[in-house]
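Below: one structure, written as structure tokens.
Protein chains: 2
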Amino acid sequence: MKKVSSALLPTIAIDRKASTPIHRQVYERYRAAIVEGTLRPGQRMPSTRLLATELGVSRIPILNAYAQLLAEGYFQSRVGAGTVVSLDVPDHVSLVQPRRTSQPQPGPRPVGRRPVTLPLPLGRNLPRGSGAFVVGQVASDQFPFQVWNGLVSRYCRSPRGQSLDYGDPMGSRRLREALSEYLRTARGVRCEADQIMIVSGSQQALDIASRVLLDHGSRVWMEEPGYRFARGVLRLNGCEIVPVPVDPEGLNVAAGIQRCRKARAALVTPSHQYPLGYTMSASRRLQLLDWAERTGAWIIEDDYDSEYRYENMPIGSLQGIDRNARVLYVGTFSKVLGPALRLGYLVIPNDLAGRFLEVRSSMDIGPATFFQAVLADFIREGHFSRHNRRMRMLYGERRTRLIECLREELGSAAEVLGGEAGMHLSVTLKGIRDHEVAQVAAQRKLWLSPLSASYCGKPQRQGFILGFGNVPVNEIEPAVRQLRSVLRT
Amino acid sequence: MKKVSSALLPTIAIDRKASTPIHRQVYERYRAAIVEGTLRPGQRMPSTRLLATELGVSRIPILNAYAQLLAEGYFQSRVGAGTVVSLDVPDHVSLVQPRRTSQPQPGPRPVGRRPVTLPLPLGRNLPRGSGAFVVGQVASDQFPFQVWNGLVSRYCRSPRGQSLDYGDPMGSRRLREALSEYLRTARGVRCEADQIMIVSGSQQALDIASRVLLDHGSRVWMEEPGYRFARGVLRLNGCEIVPVPVDPEGLNVAAGIQRCRKARAALVTPSHQYPLGYTMSASRRLQLLDWAERTGAWIIEDDYDSEYRYENMPIGSLQGIDRNARVLYVGTFSKVLGPALRLGYLVIPNDLAGRFLEVRSSMDIGPATFFQAVLADFIREGHFSRHNRRMRMLYGERRTRLIECLREELGSAAEVLGGEAGMHLSVTLKGIRDHEVAQVAAQRKLWLSPLSASYCGKPQRQGFILGFGNVPVNEIEPAVRQLRSVLRT
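Those protein sequences? They're chains A and B, same order as listed. To convert, take the position in the first sequence, counting from 1, and add 25; that gives the working numbering. To convert, take the position in the second sequence, counting from 1, and add 25; that gives the working numbering.
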């Protein structure tokens, strides 16, 4: 019967030359596995027929062994489930101390000295819920599941969908071509498909870029405040972070030069500074490029949510005005299709593409093929642009409503920043401790990201990064009221 | 006669038939002119009315373009002077000739010093084809697509399938539970779901383990010959590789101790040594564990193809007999379901699980959710075991036929190694240069992996690793004949 074959076969070796009869060997192996906890109560055992075939022995000794194990209470027969490990293991078993991997003995356990300072992705203390105001969540009820699942099914049935081998280590050619067209047109990125590498999200892009371009001890400019996950990956790679202040024109290049002219690289979010939301001004962009060209530095441009811009047309990328091939452009599909997909991309200067590929190949060989193919179809058939446009309208409404509500409920106590683009904005508040407020709010299922966590040095601001991507417009007012009420406690 | 204005009109051509809207064209032309230095800081711009007339377009798109250029800081409004090019644009920018990103200028382009020695995944010179004798390919025509695609569709339609957010950074709980049961039962691995991390294949597992456990300069025992991709990831992490010879009992522990007793870690393939196929003997296993326990070293057990064993029952894992929680167990789904999926796993000692999670989170946040869920269903509903058993039969036939054919066609000139398990075996040949033979063979669409590439030092053997996973049994003889004919040329 089919259901029997779902039982896993244990590792038991039978020695035909041994003086111990086969039924005894089988019995002993199973008993030992149960005593040691390798087999668990309730776990299904293979049928005697299957096990006999598997071990290459007659079924008689197996039947005998099973009968013994049943008689002694190691096994049970359960209607509809065949033979299982007994749910109440006999008493004498508990006298044996199973040695568990989980309790290591003393002795040196040296781990690497690489600095790991990253708060866990979902916050060490703060859980990640769903809805108001989780950062980085997309409108899950607006996703075009029907179209997407249709493409999934179509791809499953296609001959291409039946290739099980590694794909192109740079990523699917079709996807990279569709993407280069999109990036040239919508983002002003100068690139060909050959320069694009598909990665598992912008975090991996930052990791790969760090491993190719930077050394242990390399100094890197980072926006202050900035994206805390980027701090984590830079530190993991042994880099020294040089925090450079951000003002309404974006990263203060002159301040960066003063602090550390010879930094090896700068990591910036020029389109929508994370977390304050400023757009880097033209003059700052040119100053930054000029610094990079003069000193031989690299610029990593994280263009993480440029798809959604509400008050002007999208700001062109920094990469597009770079004349010295100093900019590594990083993008992600997480803000459009959700982070579950784990797909992002890196646009690499031509002369570095080979080295990036070598480093990436040693990291994980290359990206999984399936959803790259589905996504390529999604872009090429126009669904991506259509969904983007629809979401820009929707997120625009949510953002406007959120700003209104914040003004109404919090008044002048709150400064709202960065609502011109993206799926989040920042609100700064005086006289609070944002971490503590966030803890309280989480108990009420209101999810706040403390602004202070974005600072590498001493936090200059307290407040919250509020994600509105996954908050329907009619839920915004109640959520802001709840925020106010948490602030008053 | 054009109206004379103090502002010069830049030469901007508007293409009314282009898909790019007019406001975007105007914006881009001006921005380019400023970046390229055609327009200088302080230079007056025409009024929007004049420019509209001049270009023969409505004033609306011109107003939009100007607003954008002002917002981004390319333009400034000056009282009495109208709109001018921003004074903050650095002067020298105008002296530089515009150049394409794709043709970087000279100047320092410092990249990291991390050693990258990995041959590209598909071989620097050798292409990867399909069929005889590509290593690491599964029988693509035997994959249970109907069952798999059914699970894919079912998951697409389920509410779980509609979550777009990050999943558990350790990997799907359901998958880890199904996997821990499988590993305990079929591989004798002692583990709970909490110790399992889902990764994108065994290569990423090695990378994460290296980043957690090793430092720049750490010395690591590696089997000689060994898995060349592992060399790549260790070198990328700055480790010093200590090649330790392999004999028919597996890694020679005494030789390792003699060469470098204080190595931080050893990377081994005890079930089926790659590439020679030996099984590590019980005494060597105990010696290795003893060395690790005495010196505080780690053991990374890469159990890459333990599912398929033909002559005995599966050999239990090294991890399962380790009483000191020194073994990191690495496995992959690539050998059962194909490498396209990019799914593997790491079993981590309990005391290290937190640190592994921190490092992994800074690398790529976590694994994509979709196929983890599908795979969990595939395992829980018994398809995984069933497919494994079916493939063991099939690969067993292919292996037997391959060994027969090699003996018939190559006779005593060839030594066949490692056919007891897995989806590949090795054949050593005297008096050939395996790299050169492989080049010639590739032109005839026969795919040979040179054995010499598996050596870190001077190759002690020449020959080939022959993958038979994706070679139907009736194609084996012709392929071996072709191999013979290539060897004779």
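Backbone N, C-alpha and C define an ideal beta-carbon position, used for all residues, glycine too. From a predicted model like this one, the values you see are computed outputs, not experimental measurements.
request  = Could you tell me whether the Cβ of B/A365 comes closer than 8 Å to any Cβ of chain A?
outcome  = Translated into the one-based positions of the second sequence, residue 365 of chain B becomes position 340. It does; some Cβ of chain A falls within 8 Å.
inquiry  = For B/L276, which residues in the same chain have their Cβ closer than 6 Å to its Cβ, ignoring the five residues on either side in sequence?
reply    = Translated into positions along the second sequence, residue 276 of chain B becomes position 251. Within the same chain, B/L276 has close Cβ partners E248, V269 and V293.
query = So, helix, strand or coil for A/L134, using DSSP?
reply = On the first sequence, residue 134 of chain A is found 109 positions in, with the first residue counted as 1. The sequence shown places Arg at residue 134 of chain A, not Leu. Coil, per DSSP.
query = Can you name the residues of chain B whose CB is closer than 9 Å to the CB of A/Q228?
reply = Along the first sequence, read from residue 1 onward, the residue named residue 228 of chain A stands at position 203. Going along chain B in sequence order, the residues near A/Q228 (Cβ under 9 Å) are S386, S387, M388, D389 and I390.
query = Is DSSP giving A/T425 helix, strand or coil here?
reply = For this step, residue 425 of chain A is matched to residue 400 along the first sequence. Of the three classes helix, strand and coil, the one that applies to A/T425 here is helix, per DSSP.
query = So with Cβ pairs under 8 Å, would you call B/D402 a contact of chain A?
reply = Locating residue 402 of chain B in the second sequence gives position 377, where the first residue counts as 1. Chain A contact via Cβ: absent.
task = Check whether the Cβ atoms of A/R458 and A/Q487 sit closer than 8 Å, and answer yes or no.
result = In the first sequence, residue 458 of chain A corresponds to position 433, counting from 1. In the first sequence, residue 487 of chain A corresponds to position 462, counting from 1. Yes. Within cutoff.
query = For B/E332, which of B/F409, B/H48, B/L450 and B/L301 has the nearest alpha-carbon?
reply = Residue 332 of chain B sits at position 307 when you count from the first residue of the second sequence. With distances taken between Cα atoms, B/E332 lies closest to B/F409.
request  = May I ask you to report which of helix, strand or coil DSSP gives A/A96?
outcome  = The residue given as residue 96 of chain A occupies position 71 in the first sequence. Here A/A96 sits in helix by DSSP.
ask   = In chain A, which residues lie less than 8 Å from B/L261 when you measure between Cβ atoms?
value = In the second sequence, counting from the first residue as 1, residue 261 of chain B sits at position 236. The contacting residues are R236, V384, S387 and M388.
ask   = How big is the Cα-Cα spacing for B/F489 and A/Y370?
value = Working through the second sequence from its first residue, we reach residue 489 of chain B at position 464. Working through the first sequence from its first residue, we reach residue 370 of chain A at position 345. Those two C-alpha atoms are separated by around 36 Å.
request  = Could you tell me which of A/C285, A/S437, A/V271 and A/L238 sits nearest to A/N262, measuring between CA atoms?
outcome  = To locate residue 262 of chain A, count along the first sequence from 1; it is residue 237. Among A/C285, A/S437, A/V271 and A/L238, the Cα nearest to that of A/N262 is on A/L238.
Beta-carbon neighbours of B/D328, restricted to chain A and to distances below 8 Å = In the second sequence, counting from the first residue as 1, residue 328 of chain B sits at position 303. Within 8 Å Cβ-Cβ: nothing; B/D328 doesn't reach chain A, min ~12 Å.
inquiry  = Please identify, using Cβ separations under 7 Å, the residues of the region 161-187 of chain A that lie next to chain B, in order along the chain.
reply    = Q162, V163, S165, F168, F170, N174, V177, S178, C181 and Q187
request  = Can you tell me the Cβ-Cβ gap for A/L301 and A/P250, rounded? I've got them flagged as a contact below 8 Å.
outcome  = Position 276 of the first sequence, counted from the start, is the residue given in the question as residue 301 of chain A. Position 225 of the first sequence, counted from the start, is the residue given in the question as residue 250 of chain A. Correct: roughly 7 Å between the Cβ atoms.
task = Answer with yes or no whether the minimum CB distance from B/L189 to chain A is below 8 Å.
result = Here residue 189 of chain B refers to the residue found at position 164 when the second sequence is read from its first residue. Chain A, which has a Cβ nearer than 8 Å to the Cβ of B/L189, makes this yes.
message = Contact criterion: CB-CB distance below 8 Å. Does B/V82 meet it with respect to chain A?
response = What you label residue 82 of chain B is simply residue 57 of the second sequence in a count that begins at 1. So no, B/V82 is outside the interface.
inquiry  = Per DSSP, what are the beta-bridge partners of B/T73 in this structure?
reply    = The residue you call residue 73 of chain B lines up with position 48 of the second sequence. BP columns for B/T73 are empty, so no partner.
request  = Could you round the C-beta distance between B/G137 and A/S308 to whole angstroms and report it? I think they count as a contact, below 8 Å.
outcome  = To locate residue 137 of chain B, count along the second sequence from 1; it is residue 112. To locate residue 308 of chain A, count along the first sequence from 1; it is residue 283. Not confirmed; about 31 Å, so no contact.
query = Comparing the C-beta of B/A393 with each C-beta of chain A, is any distance below 8 Å?
reply = As a working mapping, residue 393 of chain B is identified with position 368 in the second sequence. Closer than 8 Å to some Cβ of chain A, the Cβ of B/A393 qualifies, so yes.
ask   = Shorter than 8 Å from the beta carbon of B/S155 to some beta carbon of chain A?
value = Walking along the second sequence from the start, residue 155 of chain B turns up at place 130. Yes - at least one Cβ of chain A is within 8 Å of the one on B/S155.
ask   = Apart from the five residues on each side of it in sequence, which residues of its chain come closer than 6 Å, Cβ to Cβ, to A/P374?
value = The sequence position of residue 374 of chain A within the first sequence is 349, counting from 1. Result list for A/P374: A350, in chain order.
task = Specify the secondary structure class of A/H449 as computed by DSSP and reduced to three states.
result = On the first sequence, residue 449 of chain A is found 424 positions in, with the first residue counted as 1. A/H449 falls in the strand class under three-state DSSP.
query = With A/A401 and A/R185 assumed to form a contact (beta carbons below 8 Å), what rounded beta-carbon distance in angstroms separates them?
reply = Indexing the first sequence from 1 puts residue 401 of chain A at position 376. Indexing the first sequence from 1 puts residue 185 of chain A at position 160. Not quite, the Cβ-Cβ distance comes to about 10 Å (not below 8 Å), so this is no contact.
query = Among B/D219, B/M195 and B/D347, which one has its Cα closest to the Cα of B/E206?
reply = As a position in the second sequence, residue 206 of chain B is number 181, starting the count at 1. Selected option, being the one with the closest Cα: B/D219.
query = Start and end of the beta strand (DSSP E) containing A/V25?
reply = A question about residue 25 of chain A goes unanswered here, because the residues of chain A that appear run from 26 up to 514.
inquiry  = Less than 8 Å between the beta carbons of B/L454 and B/A438, yes or no?
reply    = To locate residue 454 of chain B, count along the second sequence from 1; it is residue 429. To locate residue 438 of chain B, count along the second sequence from 1; it is residue 413. A contact, by the Cβ cut-off of 8 Å.
key: Boundaries of the alpha helix (DSSP H) in which A/T320 is found, first to last residue   = To locate residue 320 of chain A, count along the first sequence from 1; it is residue 295. Counting along the chain, the alpha helix (DSSP H) containing A/T320 begins and ends at A307 to T320.
query = In terms of DSSP beta bridges, what is A/D327 paired with?
reply = The residue labelled residue 327 of chain A in the question sits at position 302 within the first sequence. Per DSSP, A/V355.
inquiry  = Excluding the 5 residues flanking A/Q312 on each side, which residues of the same chain have their C-beta closer than 8 Å to its C-beta?
reply    = If you number the first sequence from 1, residue 312 of chain A lands on position 287. Excluding residues within five positions, the ones whose Cβ falls inside 8 Å are V278 and A279.
message = Quick check: B/P365 and A/T394, are their CB atoms within less than 8 Å of each other?
response = Counting from one through the second sequence, the residue named residue 365 of chain B turns up at place 340. Counting from one through the first sequence, the residue named residue 394 of chain A turns up at place 369. Reading the sequence as shown, one finds Ala at residue 365 of chain B and not Pro. Yes, the pair counts as a contact, with Cβ atoms nearer than the cut-off.
inquiry  = Are the CB atoms of B/I346 and B/C430 within a distance shorter than 8 Å?
reply    = Indexing the second sequence from 1 puts residue 430 of chain B at position 405. Indexing the second sequence from 1 puts residue 346 of chain B at position 321. No.
query = How far does the alpha helix (DSSP H) with A/W173 in it reach, from first residue to last?
reply = Indexing the first sequence from 1 puts residue 173 of chain A at position 148. Its alpha helix (DSSP H) spans residues F170 to R182.
inquiry  = Quick check on A/D240 - is its C-beta less than 8 Å from some C-beta in chain B?
reply    = Locating residue 240 of chain A in the first sequence gives position 215, where the first residue counts as 1. Chain B, which has a Cβ nearer than 8 Å to the Cβ of A/D240, makes this yes.
query = Does A/S331 come within less than 8 Å of chain B when only Cβ atoms are used?
reply = Numbered from its first residue, the first sequence carries residue 331 of chain A at position 306. A/S331 does not count as touching chain B.
ask   = Name the chain B residues that come within less than 9 Å of A/I428, Cβ to Cβ?
value = Along the first sequence, one-based indexing puts residue 428 of chain A at 403. Within chain B, no residue comes near A/I428; the closest Cβ sits about 18 Å away, beyond 9 Å.
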